[in-house]
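Single-structure report; data block below.
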């Protein structure tokens, strides 16, 4: 799963690090470190982190903003 965090939006609330500590970690008080290629086993935790971000700074392929799984649209 591919993750992108808009570090210009991120305010360091660390909800993601609390909910998915194997993917997101805080370095100091404000710097976020994350694995942009999280394992599929982390999908549920990442979905919770996406949904919990108060500034909506996290996007993940295959997840909507609420952290739900998006269906692939193939035009049918």
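Residue numbers (our numbering): 46 to 121.
Built from N, CA and C at the ideal position, the CB exists for glycine as well.
Nothing here was measured: the structure is a model prediction, and the numbers come from that model.
Taking the Cα positions, residue 90 is about 22 Å away from residue 73. The shortest CA-to-CA distance from residue 87 to any of 105, 59, 54, 57 is the one to 105. Annotation for residue 96: the continuous alpha helix (DSSP H) segment containing it runs 88-97.
Boundaries of the alpha helix (DSSP H) around residue 62: 60-64.
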